[in-house]
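Just so you know, the protein sequences line up as chains W and B, in that order.
Converting from the first sequence to this note's numbering requires adding 1039 to each position, the first position being numbered 1.
Converting from the second sequence to this note's numbering requires adding 1039 to each position, the first position being numbered 1.
We put the beta carbon where it would ideally sit given N, CA and C, even for glycine.
Just so we're clear, the structure is a prediction, and the values are computed from it rather than from any experiment.
There are 2 protein chains.
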Amino acid sequence: MGAGVTSGASDPGRLIGDVARQLGISTRTLRYYEERGLIEAQPRATGNRRYRDADVDRVVRIRELQSMMGFNLDEIAAILAAEDDLARLRAEWQSGQPTGRRDEIVREALAINRRLQDQVHDKLDRLQKFLDELEGNARRYRRVAREIAAERDQ
Amino acid sequence: MGAGVTSGASDPGRLIGDVARQLGISTRTLRYYEERGLIEAQPRATGNRRYRDADVDRVVRIRELQSMMGFNLDEIAAILAAEDDLARLRAEWQSGQPTGRRDEIVREALAINRRLQDQVHDKLDRLQKFLDELEGNARRYRRVAREIAAERDQ
DNA sequence: ACGTATATTTACGTGAACGTCAACGTCAAG
DNA sequence: CTTGACGTTGACGTTCACGTAAATATACGT
Chain W
1040 MGAGVTSGAS DPGRLIGDVA RQLGISTRTL RYYEERGLIE AQPRATGNRR YRDADVDRVV
1100 RIRELQSMMG FNLDEIAAIL AAEDDLARLR AEWQSGQPTG RRDEIVREAL AINRRLQDQV
1160 HDKLDRLQKF LDELEGNARR YRRVAREIAA ERDQ
Chain B
1040 MGAGVTSGAS DPGRLIGDVA RQLGISTRTL RYYEERGLIE AQPRATGNRR YRDADVDRVV
1100 RIRELQSMMG FNLDEIAAIL AAEDDLARLR AEWQSGQPTG RRDEIVREAL AINRRLQDQV
1160 HDKLDRLQKF LDELEGNARR YRRVAREIAA ERDQ
């Protein structure tokens, strides 16, 4: 067999503490995300939350949007919601069901994607400018360092 | 005369509300930054804070470090402090005074600058990867849109 | 000098994103 | 069958970065 997944029934997923340790976050955070509707741990038969790989990936995504883009959880929820809508649409599509509001959903997903790309481009530009500034400062710093060295060796 | 600065005594600087409006932030925020030691409004003779261009620039810098890099005010304070040390060193330098701890100060400023540059590079990389992902998604979205259009025109 | 638009300090309030604690359930190991 | 490590749901606490309000002083045009 392959590595990891012991063959058999469908993967029930991992427990919350396990996932939290792997991601370096608290269990409280994971429950909080669920509270806020950002994730939905699998309909747990046992009473215990189960996280599958897709769920874990989703949390990673949330953390990225938080730390990299500075979005708050509401904004992140909106982004994920649009993507979810589209994923659902694709699923329905493949099962051949006629789907209402298809255009609307796709348009919405594309619109959000475009807005996101714009914001990322913006951030990239500003970061690049900031980096240029930093390099300029570094040059000035090194000049000061040279002046000090020159005086010392006078 | 030039534009803006009415010739005469040294510019006393602008009032807090004026600056706040220009920067699109609240006066509370400006006072809070002072409370936290991030800025020092000019030793106001009158009792009212006065902001000169350098002060305003500094606030802009703070806002950049906040929104672009996601630093908190403590981290920003540390960064600005190191830069201030170095600026002071340069000032002392030009007035020919012997300065103790010069190497230390310069080394510290360079170290902070390097750390900052590393973090910016890191952020740039991760943002670029994120952008690539987004573009990938967009391609998938457009494909769905084409499928819908094809079905409509069937 | 006067009005009023802004400023000052002091201090308590707020929203976001969790932290922490209590009381309780559950499950594999010994 | 207990023990202990994990989970569960409330519910209240905490930190950060400000918001807001009250009482008072200052700035500036006429």
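Distance cutoff 8 Å, beta carbons only. Does residue i sit that close to anything in chain B?
i: Asn1087 (chain W); result: no
i: Arg1002 (chain W); result: No statement about residue 1002 (chain W) is possible, as the shown extent of chain W runs from 1040 to 1193 and does not include it.
i: Asn1111 (chain W); result: no
i: Ala1177 (chain W); result: yes
i: Leu1170 (chain W); result: yes
i: Leu1077 (chain W); result: no
i: Gln1193 (chain W); result: no
Does residue i get closer than 8 Å to chain W when you measure Cβ to Cβ?
i: Ala1121 (chain B); result: no
i: Ala1130 (chain B); result: no
i: Gln1156 (chain B); result: yes
i: Ser1106 (chain B); result: yes
i: Ile1187 (chain B); result: yes
i: Val1183 (chain B); result: yes
i: Val1159 (chain B); result: yes
i: Glu1114 (chain B); result: no
i: Gly1135 (chain B); result: no
i: Tyr1180 (chain B); result: yes
i: Arg1165 (chain B); result: yes
i: Glu1103 (chain B); result: yes
i: Ala991 (chain B); result: Residue 991 (chain B) lies beyond the range of chain B shown here (1040 to 1193); nothing can be said about it.
i: Leu1062 (chain B); result: no
i: Gly1043 (chain B); result: With a pLDDT of 38 at Gly1043 (chain B), under the threshold of 50, the predicted position of this residue should be treated as unreliable, though the coordinate-derived value follows. Not an interface residue.
i: Leu1125 (chain B); result: yes
i: Val1095 (chain B); result: no
Is the beta carbon of residue j closer than 8 Å to that of residue i?
i: Leu1112 (chain B); j: Leu1077 (chain B); result: yes
i: Asp1124 (chain W); j: Ile1144 (chain W); result: yes
i: Leu1173 (chain B); j: Gln1156 (chain W); result: yes
i: Ala1080 (chain B); j: Arg1089 (chain B); result: yes
i: Ile1151 (chain W); j: Ala1189 (chain W); result: no
i: Leu1054 (chain W); j: Val1098 (chain W); result: no
i: Met1107 (chain B); j: Leu1166 (chain W); result: yes
i: Arg1115 (chain W); j: Leu1128 (chain W); result: According to the sequence shown, residue 1115 (chain W) is Ile rather than Arg. For Ile1115 (chain W) and Leu1128 (chain W), no; Cβs fall outside 8 Å.
i: Ile1101 (chain B); j: Tyr1072 (chain B); result: yes
i: Arg1091 (chain B); j: Asp1057 (chain B); result: no
i: Gly1027 (chain W); j: Gly1109 (chain B); result: This structure cannot settle anything about residue 1027 (chain W), because the visible part of chain W is limited to 1040 through 1193.
i: Val1183 (chain W); j: Leu1170 (chain B); result: no
Tell me the DSSP secondary structure of residue i in three-state form.
i: Arg1053 (chain B); result: strand
i: Gln1061 (chain B); result: helix
i: Asp1192 (chain B); result: coil
Are there 16 or more other CB atoms within 10 angstroms of the CB of residue i, so buried, or fewer, so exposed?
i: Gly1052 (chain B); result: buried
i: Lys1168 (chain B); result: exposed
i: Arg1141 (chain B); result: buried
i: Asp1094 (chain B); result: buried
i: Ala1117 (chain B); result: exposed
i: Ala1126 (chain B); result: exposed
i: Ala1059 (chain B); result: buried
* **Complete runs of the alpha helix (DSSP H) confined to the stretch 1076-1161 of chain W [at least 4 residues]** => Taking 4 residues as the minimum length, the alpha helix (DSSP H) runs contained wholly in the stretch 1076-1161 of chain W are 1092-1106, 1112-1133, in order along the chain.
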